[in-house]
């Protein structure tokens, strides 16, 4: 390949020294010139493999072709046919393990086309150029569907249903819709104005949102079954796991869910302009190695922590977080303590956390998932000083809703049992996303929501 | 949405707001609470529900002005709307036929104990109520509580009303005087609930407290409200708020309560200055 052609067009970012002082978006996105240059790298395969990697099967060469023709309007339409959240997905999808890994350029020794970068550009173009677009909602003649939870699964289910002519009501317990897009992923990775714009489009299509409604408490599940023709459960994996170690309830120990909810949903980074406080000390530990850990670590830096460590029990090669976010975190000064596992939270005698007692780990045999399991090294205890600890070791399904639904089959781990088609053990009750699979990605939840909507359509039209 | 239908000052530091919320009024059971956010920049704060009126579709909230959000909420007038109101949250109080139940309400805790005491009385329990406050002026709902109780006692720290001393002094006297107590439920400041728990533990009387740790979402997704009960971590918003008092780690709760003290002071100071106070 010619020089340079084999490489992705680099996207500009705020420089690290500057960006750690603010919550503004790190990636600035492609300019119009850059997007044309990147689009021109697509070989427009007649038998495109990239689409196989996309959980919602976006017509990738199709929308890129329109970019090449500088027809962003058509590119946007093509994208929206299969994904109504291009500005969100372009930003948060792990493209490197989905569409881009299938890009034929990989086989030619080149870097894959930046599908995410292109998608984001078109998504942003849509938001900027079609604010006043008022799509005529299809006539609602097919029936009414209740969607529980307004995260990625619920939103994509609602979008698919409204397109098919159903009237859709989304029930959300928090005061803003979006689920993890709202409370989990920080502003510097996914601006809330982007989330607002994409949800606004759904509202203009006719989806009704009822916020501050906790199904199971505010209204009962049986009321919903009486009032709607079908129900989709997309209540997510919002139950934070703790480590279950001594001292975990000391002051200064947060679940990542709490920390990020305070920062993102409640805008605690703007305290005291906003009323919700958050406290980080001078030395912060984030336990875990996924995207939630990266988000927490980078948010802690921006809140003024002097030093932030990611404490991870495996090695760098096993970090489950997106590579790009690990690089961003490292660039901002986050320190990675690998093969390190906490065994106790230490206190200062006044109820505050003062450190972690850890053990050194080494990697043993691969486990069932193929990852090498960490094994503690005997007698390797050591103490690290921290005044804030954020636990980001995963989340489980929130049991509140399933526990109020008699006869709904739930796994031992609390996940709602549903097939790939979204059907559950109850007639005309569907489920998808993290409540079914456990914590996964935004796009896989969106794919599940879409598939469930297709099942609902099949079942209701007959 | 969430319009304030009536407002009443119950004493110099506390206000009652009757808020329109038909869904919550309909689903509410004694012992549950709500989370509210008063405006766009507001925080989410938990408040217990003191009463509901299903016909009017309203709920009554009584709260003490202790910091920025509650002071600002106290400045709301009839006709104003609360931005966000979520509920009912938490598990309902267990209302059974226990026999003799002592209901202890300390300070603002009289408000949440009232619907529980009423439900216990309706269930046929012998309800003995003890209300406690710092002084006479800070007592409210005496008549309401007296009316539903089989016997009724008041204590004030300074002796300006009822017996001088604490609710625990009254409770100890009743037990020592031969009252057979089947269950105690105590709601009020942490220090009071902890003291009641300590006392009834001595006598082996089953005791329930309604905990009020710091909360954010109130739906079990963050663990801000976690408490140690019988050596295990529980979330007060979904596993409680009522717990067996004798199993609660009160020391830990005290510590966790104070975590944002400096921020709370700063926020209040800023608010009062902006109000010109």
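Residue numbers (my numbering), protein chains in the order written: chain D, 1 to 462; chain X, 1001 to 1277.
Glycine included, C-beta positions come from ideal geometry on N, C-alpha and C.
Just so it is clear, the structure is predicted and the values come from calculations on it, not from any experiment.
Same chain, Cβ closer than 8 Å to residue i, neighbours up to 5 away in sequence not counted
{"i": "residue 1005/X", "result": "1018, 1019, 1020, 1056, 1058 and 1078"}
{"i": "residue 18/D", "result": "none"}
{"i": "residue 1076/X", "result": "1004, 1007, 1017, 1038 and 1082"}
{"i": "residue 127/D", "result": "87, 194, 197 and 198"}
{"i": "residue 374/D", "result": "313, 314, 339, 341, 361, 362, 363 and 364"}
{"i": "residue 385/D", "result": "283, 354 and 355"}
{"i": "residue 1028/X", "result": "1049, 1052, 1059, 1087 and 1088"}
Opening and closing residue of the alpha helix (DSSP H) in which residue i lies
{"i": "residue 1263/X", "result": "1261 to 1274"}
{"i": "residue 341/D", "result": "Taken as a continuous stretch (DSSP letters only), residue 341/D belongs to no alpha helix (DSSP H), being part of the beta strand (DSSP E) at 340 to 347."}
{"i": "residue 78/D", "result": "72 to 82"}
{"i": "residue 1170/X", "result": "1167 to 1176"}
{"i": "residue 63/D", "result": "60 to 68"}
{"i": "residue 1202/X", "result": "1190 to 1203"}
{"i": "residue 437/D", "result": "434 to 437"}
{"i": "residue 16/D", "result": "16 to 19"}
{"i": "residue 410/D", "result": "It is not in any alpha helix (DSSP H) - residue 410/D carries neither H nor E in the DSSP assignment."}
Contacts that residue i makes with chain X (C-beta to C-beta distance below 7 Å)
{"i": "residue 272/D", "result": "1266, 1267 and 1270"}
{"i": "residue 276/D", "result": "1043"}
{"i": "residue 175/D", "result": "1037 and 1084"}
{"i": "residue 291/D", "result": "What residue 291/D touches in chain X: nothing, since even the nearest Cβ is about 17 Å away."}
First and last residue of the uninterrupted beta strand (DSSP E) at residue i
{"i": "residue 358/D", "result": "353 to 366"}
{"i": "residue 50/D", "result": "Here residue 50/D belongs to no beta strand (DSSP E), and DSSP marks it neither H nor E."}
{"i": "residue 457/D", "result": "It is not in any beta strand (DSSP E) - residue 457/D instead sits in the alpha helix (DSSP H) that spans 442 to 461."}
{"i": "residue 335/D", "result": "335 to 337"}
{"i": "residue 283/D", "result": "283 to 287"}
{"i": "residue 1008/X", "result": "1004 to 1011"}
{"i": "residue 330/D", "result": "It is not in any beta strand (DSSP E) - residue 330/D instead sits in the alpha helix (DSSP H) that spans 323 to 331."}
{"i": "residue 1102/X", "result": "1100 to 1106"}
{"i": "residue 1087/X", "result": "1084 to 1089"}
{"i": "residue 372/D", "result": "372 to 376"}
Under 9 Å from the C-beta of residue i: neighbouring residues of chain X
{"i": "residue 242/D", "result": "1223, 1226 and 1233"}
Close-in-space but distant-in-sequence residues of the same chain around residue i (CB under 6 Å, 5 per side omitted)
{"i": "residue 1/D", "result": "For residue 1/D, the pLDDT reaches just 47, beneath the cut-off of 50, and the residue's location in the model is therefore unreliable, leaving the point undetermined."}
{"i": "residue 1241/X", "result": "1090, 1210 and 1211"}
{"i": "residue 1071/X", "result": "1065"}
{"i": "residue 211/D", "result": "172 and 175"}
{"i": "residue 152/D", "result": "442, 445 and 446"}
{"i": "residue 180/D", "result": "151"}
{"i": "residue 390/D", "result": "254, 256, 259, 286 and 296"}
CB contact below 8 Å: residue i versus chain A
{"i": "residue 1200/X", "result": "Among the chains of the structure shown, chain A does not appear; the protein chains present are D and X."}
Residues near residue i in its chain [Cβ-Cβ closer than 7 Å; skip 5 each side]
{"i": "residue 1054/X", "result": "1025 and 1026"}
{"i": "residue 1224/X", "result": "1214, 1215 and 1216"}
{"i": "residue 204/D", "result": "134 and 135"}
{"i": "residue 139/D", "result": "165"}
{"i": "residue 303/D", "result": "269, 278 and 280"}
{"i": "residue 1010/X", "result": "1016, 1062 and 1140"}
Within chain D, partners of residue i - CB distance below 9 Å
{"i": "residue 1217/X", "result": "173, 174, 183, 238, 257, 258, 261 and 265"}
Neighbouring residues, chain D, relative to residue i (Cβ below 8 Å)
{"i": "residue 1175/X", "result": "Simply none; closest approach about 32 Å."}
{"i": "residue 1068/X", "result": "275"}
{"i": "residue 1027/X", "result": "217, 218, 219 and 220"}
{"i": "residue 1260/X", "result": "277 and 279"}
{"i": "residue 1220/X", "result": "238, 239, 398, 399 and 400"}
{"i": "residue 1263/X", "result": "271, 272, 277 and 279"}
Neighbour list for residue i in chain D, Cβ cutoff strictly below 7 Å
{"i": "residue 1238/X", "result": "400"}
{"i": "residue 1023/X", "result": "218 and 219"}
{"i": "residue 1255/X", "result": "251 and 351"}
Neighbour list for residue i in chain X, Cβ cutoff strictly below 8 Å
{"i": "residue 212/D", "result": "1084, 1085 and 1086"}
{"i": "residue 248/D", "result": "1233"}
Distance cut-off 7 Å: residue i Cβ against heavy atoms of the ligand FMN
{"i": "residue 277/D", "result": "For the structure depicted, the ligand FMN is absent and the ligand set is empty, with no information on it obtainable."}
Open item on the list: If we require 3 or more residues per run, which beta strand (DSSP E) segments fall completely within the segment 211 to 262 of chain D?
Closed with: 230 to 233 and 253 to 255
TODO: For the segment 126 to 170 of chain D, list the alpha helix (DSSP H) runs that are entirely contained and at least 4 residues long, ordered along the chain.
DONE: 152 to 163
Task: Within 7 Å of chain X by C-beta, residues of the segment 217 to 234 of chain D in sequence order - done: 217, 218 and 219
TODO: Identify every run of the beta strand (DSSP E) within the segment 1206 to 1262 of chain X, keeping only runs that are complete inside it and at least 3 residues long; order them along the chain.
DONE: 1207 to 1210, 1226 to 1229, 1232 to 1235 and 1242 to 1244
Open item on the list: At 3 residues or longer, what runs of the beta strand (DSSP E) sit wholly inside the segment 1018 to 1072 of chain X?
Closed with: 1033 to 1037, 1045 to 1053 and 1058 to 1064
TODO: Name, going along the chain, the residues of the segment 1082 to 1098 of chain X whose beta-carbon falls closer than 9 Å to a beta-carbon of chain D.
DONE: 1083, 1084, 1085, 1086, 1087, 1088, 1089 and 1090
TODO: Please specify which runs of the alpha helix (DSSP H), each continuous and at least 4 residues long, are wholly inside the segment 173 to 209 of chain D, giving them in chain order.
DONE: 180 to 183 and 192 to 205
Task: Contact residues within the segment 351 to 383 of chain D, judged by C-beta distance below 7 Å to chain X - done: 351
Task: Inside the segment 1108 to 1173 of chain X only - alpha helix (DSSP H) runs reaching at least 4 residues - done: 1110 to 1122 and 1142 to 1148
Task: chain D contacts from the segment 1240 to 1253 of chain X (Cβ-Cβ distance under 7 Å) - done: 1252
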